[in-house]
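**Q** Residue numbering for the sequence shown follows the UniProt record's numbering, beginning at 1 and increasing consecutively. Have a look at this one before I ask anything.
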Amino acid sequence: MAVTVKANTREDFRRSATNELRNNGKVPAVVYGQNQEPISISVDSLELLKTLRDEGRNVIISLDVEGKSPIDVMLHEHQIEPIRDELYHADFFRIDMSSEVDVQVPIHVDGEPQGVKDGGILSQPLHELAVRAKPNDIPDEIKLDVTNLEVNDSLLVSDLKEGRNYEIMEDETTTIVTVLPPQTEEVVEPGEGQDVDAEPEVLNQKDDENTEENSEEDQS
């Protein structure tokens with residue numbers, strides 16, 4: 001189900017006008033796709049952020065643009081201003097609810113591997129999965145049970161089962177998770193023939209003996 005977000009058309013592209021938008025809590029955005037002319041709009045920054053956080057990045061958004069019919073879109077790209085941690089720009093692409101789209105779906109690891117209980121370390125190289133599906137069939141996440149993984153065990157993309165309504169587009173040989181063996185400190189063994197109980201060598205002993213001999217000669 002689509003989430004409605006209000007939007008306004010944008011016609012003034014001067015930097016001063018764009019800065020004023022951002023100062024008023026709006027974020028400039030562009031809608032494109034489906035072989036239609038791009039539309040420049042602005043949306044409320046907090047409303048869009050809340051929608052993404054509550055519904056996920058692949059949420060279907062119905063843009064309520066003044067003077068136009070609602071536009072079904074998905075977020076394609078967005079930029080965050082690092083200092084203020086606020087939305088800086090957003091790109092939306094039009095979607096056809098009857099056509100498939102390619103998206104990235106987060107992978108949720110479920111359970112604690114037996115190998116981790118035995119001292120191993122869980123590594124997850126892949127956190128998102130490339131999926132193709134119709135907009136209403138996109139899963140919120142892909143769950144992966146890792147409970148039975150032992151040390152040195154791995155799960156690949158090929159180990160996943162495709163859903164009834166989506167197709168996995170990721171390379172089947174890609175590793176999702178693996179349990180690494182415990183890290184051990186290297187123990188340095190004494191060298192062959194080395195006497196570990198030997199007393200340390202006195203480096204200055206010879207110099208001290210020479211000094212004493214020279215002193216005795218001077219006295220004589």
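C-beta: ideal position from N, C-alpha, C; glycine also. Note that the coordinates shown come from a computational prediction; the quantities given were computed from them, not determined experimentally.
Would you kindly check if the distance between the Cβ of residue 165 and the Cβ of residue 133 is under 8 Å?
**A** yes
**Q** Pick out whichever of 39, 14, 45 has its Cα sitting closest to the Cα of residue 25.
**A** 45
**Q** When we look at the beta-carbon of residue 13 and count the other beta-carbons within 10 Å, is it buried (16 or more) or exposed?
**A** exposed
**Q** Could you compute how far the alpha carbon of residue 76 sits from the alpha carbon of residue 47?
**A** 17 Å
**Q** Give the single residue among 153, 18, 23, 59 whose Cα lies nearest to the Cα of residue 179.
**A** 153
**Q** Taking the alpha helix (DSSP H) that residue 18 falls in, what are its first and last residues?
**A** Bounds of the alpha helix (DSSP H) holding residue 18 are 15-23.
**Q** Ignore the nearest five residues each way along the sequence and tell me which others in residue 121's own chain have a CB closer than 6 Å to its CB.
**A** Cβ neighbours of residue 121 within its own chain (closer than 6 Å, five residues either side excluded): 180.
**Q** So, at 7 Å on beta carbons, what are the nonlocal neighbours of residue 36 in its own chain, with the 5 sequence-adjacent residues on each side left out?
**A** So the list reads 94, once near-sequence residues are dropped.
**Q** If you draw a straight line from the alpha carbon of residue 7 to that of residue 65, how long is it in whole angstroms?
**A** 5 Å
**Q** Apply the 10 Å Cβ neighbour rule to residue 38 and answer buried if 16 or more other Cβ atoms are within range, or exposed otherwise.
**A** exposed
**Q** On a CA-only basis, which of 59, 159, 117 is nearest residue 150? Give me that one, please.
**A** 117
**Q** Exposed or buried, residue 223, counting other C-beta atoms within 10 Å across all chains shown (16 or more means buried)?
**A** The structure shown does not extend to residue 223, since the chain is modelled only from 1 through 220, so no value can be given for it.
**Q** To the nearest angstrom, report how far apart residue 22 and residue 88 are at their CA atoms.
**A** Taking the straight line from one Cα to the other gives about 8 Å.
**Q** Work out the CA separation of residue 33 and residue 42 for me, nearest whole Å.
**A** Near 17 Å, if we compare the C-alpha coordinates of residue 33 and residue 42.
**Q** What span of residues does the alpha helix (DSSP H) with residue 45 cover, start to end?
**A** 45-55
**Q** Which same chain residues, not among the five before or five after residue 49, have their C-beta less than 7 Å away from its C-beta?
**A** 87
**Q** Flag this pair as yes or no: are the beta carbons of residue 40 and residue 18 separated by less than 8 Å?
**A** no
**Q** Hey, residue 5 and residue 63: beta-carbon distance below 8 Å or not?
**A** yes
**Q** For a test of the three-state rule: what should DSSP assign to residue 91, helix, strand or coil?
**A** If DSSP states are grouped into helix, strand and coil, residue 91 belongs with the strands.
**Q** Please say whether residue 111 and residue 139 have beta carbons closer to each other than 8 Å?
**A** Not in contact: residue 139 and residue 111 (Cβ atoms no closer than 8 Å).
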